[in-house]
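Engineer: Residue numbers (the working numbering): 38 to 294.
Written as structure tokens, this is what we have:
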């Protein structure tokens, strides 16, 4: 039977993937030797693998960062995606940037018919291209190894040819100043996606509230609607209201504009 600390170790690894021994010791507030001792039975029964001073779940060693992020806050992302999909109708056009939440959106759209989809994400394109008479247009360029998405001038030039009913981006960070991300090319692409939509939607789970990204994507006045899974802090809610941006809490009762 697993001890409480064994269960904590497995939970951390399930959420974060590979974690160093020193990080586990700090997180659990125990010594390095204690962590090594705790990890030993988990490695012996095959649950955990040791690699270069770190440990990871046996089935997840070597998985791409994007795949790992798909598991983080998965229930919240699915709730957000399901709500957004319910507002998109058969035959409409939608543009989606690459992101774990937008990948969940694509999965929730598999029951729709005759969609026109524009994206830079190979994951989203694969999800929607072969079902229900959809037309899928994918931006070209070199695909990144972690996310399978295309960025750069050729991708931007491609999407600016389209005007869609729903332009949807995910967010790496949100504060009262607006939407941010951590990558210059991803931020620029997301900004251009919003410019292509009649309805401009940001999807983001509540873990992004209060984070500071490296690069600004846009202020809230460039966004029609923020769909999230819980009420944001007061300063963000006030900023959304001042910008005239609709706040929708999926699965809850809050909808303010």
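All residues carry an ideal CB built from backbone N, CA and C; glycine is no exception. Owing to the predicted nature of the structure, the values given are computational and were not obtained by experimental measurement.
1. Short of 6 Å in beta carbon distance, which residues of its chain neighbour residue 189, apart from the five on each side in sequence? Order them along the chain.
2. What residue range is occupied by the uninterrupted alpha helix (DSSP H) comprising residue 210?
3. Can you give me the Cβ contacts of residue 180 inside the same chain, cut-off strictly under 7 Å, excluding the 5 residues immediately before and after it?
4. Extract the residue ranges of the beta strand (DSSP E) inside the stretch 238-264, only unbroken runs of 3 or more that lie entirely within it.
5. Taking the alpha-carbon of residue 268 as reference, which of 86, 287 and 91 has the nearest alpha-carbon?
6. What residue range does the alpha helix (DSSP H) around residue 79 cover?
7. Which runs of the alpha helix (DSSP H) fall wholly inside the stretch 156-215 and span at least 4 residues, in chain order?
8. Between the Cα of residue 260 and the Cα atoms of 219, 214 and 59, which residue gives the shortest distance?
9. Assuming contact is defined by CB atoms lying nearer than 8 Å, are residue 117 and residue 273 in contact in what I supplied?
10. Just the C-alpha distance for residue 86 and residue 281, rounded to the nearest angstrom, thanks.
11. Let me know the secondary structure DSSP gives residue 236 once reduced to three states.
12. Return the first residue and the last residue of the beta strand (DSSP E) that residue 130 is part of.
13. Where does residue 91 fall in DSSP's three states?
14. Specify the secondary structure class of residue 153 as computed by DSSP and reduced to three states.
15. Would you call the stretch 190-199 in contact with the stretch 248-258, where contact means no fewer than 3 C-beta pairs closer than 8 Å?
16. Mind checking which residues open and close the beta strand (DSSP E) that includes residue 284?
17. Taking C-beta to C-beta, are residue 161 and residue 143 nearer than 8 Å?
18. Would you kindly work out how many angstroms separate the C-alpha atoms of residue 91 and residue 245, rounded to a whole number?
Structural biologist: In short:
1. Around residue 189: 178.
2. Note, residue 210: premise wrong, no alpha helix (DSSP H); beta strand (DSSP E) at 210-212.
3. 159, 186 and 187.
4. Runs found: 252-255.
5. Of the candidates 86, 287 and 91, the residue whose Cα lies closest to the Cα of residue 268 is 287.
6. 69-81 is the span of the alpha helix (DSSP H), which, as asked, contains residue 79.
7. Counting only runs of 4+ residues, the alpha helix (DSSP H) found wholly inside the stretch 156-215 occupies 159-166 and 190-196, in chain order.
8. Taking residue 260 as reference, the option from 219, 214 and 59 with the minimal CA-CA separation is 214.
9. Not a contact, by the Cβ cut-off of 8 Å.
10. In this structure, the CA atom of residue 86 is about 50 Å from the CA atom of residue 281.
11. Shown here, residue 236 sits in a strand according to DSSP, grouped into three states.
12. Run containing residue 130: 130-133, per the beta strand (DSSP E) assignment.
13. Assigned with DSSP and collapsed to three states, residue 91 falls in strand.
14. In the structure shown, residue 153 sits in a strand (DSSP, three-state: E or B).
15. Proximity of the stretch 190-199 to the stretch 248-258 falls short of the contact definition, fewer than three beta-carbon pairs being nearer than 8 Å.
16. Here the beta strand (DSSP E) through residue 284 covers 283-286.
17. Their beta carbons are under 8 Å apart, which means residue 161 touches residue 143 by this criterion.
18. The alpha-carbon atoms of residue 91 and residue 245 are separated by roughly 27 Å.
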